[in-house]
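> Mind looking over this structure? Questions follow.
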Amino acid sequence: MMDWSEEDWDGSWLVIPDLHGHATRLRAALQVANSIHRRSRLVFLGDLIDDSPRRQEARRARADPGTADASREVLATVRRLTESGRAAVLLGNHEVMAAAAVLDDDRALMNLWWKVGGREAAASYGWGGKGDAGALAGDLRWLREHGRLWLEVGPPGARVLLAHATRPSPQRLASGKNRAADLWPSDADDDVVWFPLALPGDPSTRRLHPLPEGYRASVHGHMETPDLHQMPDREGKPALQIDLHPGKGKVCLLHIDVDGEIEPYIRRV
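Numbering follows my numbering, with no gaps: position 144 of the sequence shown is 172.
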């Protein structure tokens with residue numbers, strides 16, 4: 029990772045999708061960041077952790093349940109980037125599950141998290157699911173303090189909204205309540221981290237909240253798609269999904285320049 033200071037920033041952003049405890053995806057993203065867009069800030073769309081056996085099998089990797097993934101390495105890197113000022117991080121449903129399970133002893137979410145990659149993420153910290161979670165608990169507390177539910181980037185009149193799952197409502201967006209403490213009504217069912225955008229032909233696309241005046245698009249992870257996918261809302265403003273299916277062996281990044289123009293980058297992993 030290159031050294032970073034506020035003076036380096038050119039006003040642009042590089043959006044990095046769900047990493048799911050897969051260090052190779054992170055390295056591919058940082059290669060673009062540090063060679064092509066050295067002056068951009070980074071934003072991680074959430075779901076940094078939990079490389080489940082299902083995802084490993086999709087990319088034909090070793091898939092023994094309970095085998096440590098690279099969640100700890102990924103979180104350590106994202107922490108360093110965020111603390112240096114170069115990156116911002118959004119909360120995904122996997123971070124929400126993990127924090128509720130480990131920090132709040134939420135047994136229902138613990139059972140779900142363990143099945144969808146939590147066991148592998150915990151193993152990367154040497155934690156077996158019981159007792160003091162040590163460094164894992166520390167990283168999850170850090171995520172609760174620093175993670176956001178959404179981020180607005182780009183210039184006035186051409187803003188781009190970034191959120192893990194779906195868009196917040198215009199009223200919620202106007203509230204500015206986009207921190208972990210603002211999850212509502214509870215961690216377990218907050219739309220912004222849980223509700224998936226729909227695939228083409230799914231009538232639930234009609235439930236996509238409109239964007240306020242001055243916004244041109246929104247960008248999301250959370251839902252695996254074969255390729256970069258765009259869905260227009262009722263006003264024709266697109267919601268872009270960039271979490272590519274792990275079986276495709278690719279990662280999709282989006283560069284948003286100082287004028288709000290969006291350029292995708294597809295890299296093999």
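Glycine included, C-beta positions come from ideal geometry on N, C-alpha and C.
All figures in this text were calculated on a predicted structure; none of them were measured in a lab.
(1) For glutamate 180, list the residues DSSP reports as bridge partners.
(2) Based on Cα-Cα distance, which residue from Tyr243, Val297, Ile77 lies nearest to glutamate 289?
(3) Give me, in chain order, the residues of the same chain whose beta-carbon lies closer than 7 Å to that of aspartate 287; leave out the 5 immediate sequence neighbours on both sides.
(4) State the start and end residues of the unbroken beta strand (DSSP E) segment that holds arginine 244.
(5) Would you check if the distance between the CB atom of leucine 236 and the CB atom of alanine 193 is smaller than 8 Å?
(6) Report the CB separation of alanine 191 from leucine 118 in whole angstroms; it is logged as a contact under 8 Å.
(7) Pop quiz: alanine 86 and glycine 275 are said to be a contact at Cβ under 8 Å. What is the actual Cβ separation, rounded to whole angstroms?
(8) Counting Cβ pairs, one atom from each stretch, are 3 or more of them under 8 Å apart for the stretch 63–71 and the stretch 87–95?
(9) Give the C-beta separation of alanine 104 and serine 152 to the nearest angstrom, bearing in mind that I take them to be a contact with Cβ-Cβ under 8 Å.
(10) Considering glutamate 291, what are the terminal residues of the beta strand (DSSP E) in which it resides?
(11) Here's the rule I'm using: 16 or more other beta-carbon atoms within 10 Å means buried, otherwise exposed. How should asparagine 206 be labelled?
(12) Between serine 112 and tryptophan 32, is the Cβ-Cβ spacing less than 8 Å?
(13) Jot down the residue ranges of each uninterrupted beta strand (DSSP E) in the stretch 53–119, minimum 3 residues, whole runs only, in chain order.
(14) Give me the residue from Ala163, Arg147, His283, Val181 with the minimum Cα distance to serine 80.
(15) Where DSSP assigns a beta bridge to glutamine 269, which residues make up the other side?
(16) Valine 106 and phenylalanine 72 - do their beta-carbons sit closer together than 8 Å?
(17) State the DSSP-derived secondary structure class of histidine 174, mapped to helix, strand or coil.
(18) With a threshold of 16 other CB atoms inside 10 Å of the CB of alanine 150, please say whether the residue is buried or exposed.
(19) Would you list the residues sitting across from serine 43 in a DSSP beta bridge?
If we stick to the structure as given:
(1) Leu189
(2) Tyr243
(3) Pro183, Ala186
(4) 243–248
(5) no
(6) 7 Å
(7) 4 Å
(8) no
(9) So it is not a contact: roughly 10 Å between Cβ atoms.
(10) 290–296
(11) buried
(12) yes
(13) 69–72, 115–117
(14) Arg147
(15) His248, His257
(16) yes
(17) helix
(18) buried
(19) Note that residue 43 corresponds to valine in the displayed sequence, not to serine. Beta-bridge pairing links valine 43 to Val71, Leu282.
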